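Numbering (my numbering), first residue to last: 911 to 1077. All residues carry an ideal CB built from backbone N, CA and C; glycine is no exception. Quantities reported herein were computed from a predicted structural model and do not represent experimental measurements. Please read the structure below before turning to the comments.
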């Protein structure tokens, strides 16, 4: 990978950027990420309401299950996207730490499903586990937003200049 300003590796090579821009999986990620955040917000509200009032446990639990299923969908499609763009399903250098932290996010969400399915925790324990999973999700989402910002900042200036010259 090339260096930017002598300090940082560029997020994408030109070939990777072309593959990213041409991949339908880029659009899929662009749709699933805000969908997952919306599901998260609704679920967070239901979880907090149940913890505060003791009411609505079924809705809160169902919402965490839906959030987890959306997480699985974005992780599977994200892995396919990573394979198309970088040639490996996970842990491409450009997204290594995001993928590492994603494993913790997946582990906590999966632990929630296991605890719910096998009756290992009561309602309060389940919802506290859900909040722990959600905290890791927020950190991981922040990591990806920072990468998205970095990708936008490193967009090739030659394209901008060519566009300006065409006026």
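Secondary structure at residue i, three-state DSSP: helix, strand or coil?
| i | result |
| --- | --- |
| residue 965 | coil |
| residue 1001 | coil |
| residue 933 | coil |
| residue 1076 | Model confidence at residue 1076 stands at a pLDDT of 43, short of 50, so the residue's coordinates are unreliable; what they give is reported in the following sentence. Residue 1076: coil per DSSP, three-state reduction. |
Since residue i is in the alpha helix (DSSP H), which residue starts that stretch and which ends it?
| i | result |
| --- | --- |
| residue 1164 | Nothing can be reported for residue 1164, as the shown portion of the chain is limited to 911 through 1077. |
| residue 1026 | 1006 to 1028 |
Indicate whether the contact test is met: 3 or more Cβ pairs, each with one atom in the stretch 1012 to 1026 and one in the stretch 938 to 957, closer than 8 Å. By the criterion of at least three beta-carbon pairs nearer than 8 Å, the stretch 1012 to 1026 is not in contact with the stretch 938 to 957.
How about the stretch 968 to 986 and the stretch 916 to 930: do they share at least three Cβ pairs that are nearer than 8 Å? no
Does the stretch 1052 to 1063 come into contact with the stretch 991 to 1000, if we say contact requires no fewer than three beta-carbon pairs (one atom in each stretch) closer than 8 Å? no
Are at least three pairs of beta-carbons, each pair with one atom in the stretch 1032 to 1049 and one in the stretch 957 to 973, less than 8 Å apart? Contact between the stretch 1032 to 1049 and the stretch 957 to 973 is present: three or more C-beta pairs spanning the two stretches fall below 8 Å.
Would the stretch 1000 to 1015 and the stretch 936 to 944 be scored as touching if the rule is three or more Cβ pairs under 8 Å? no
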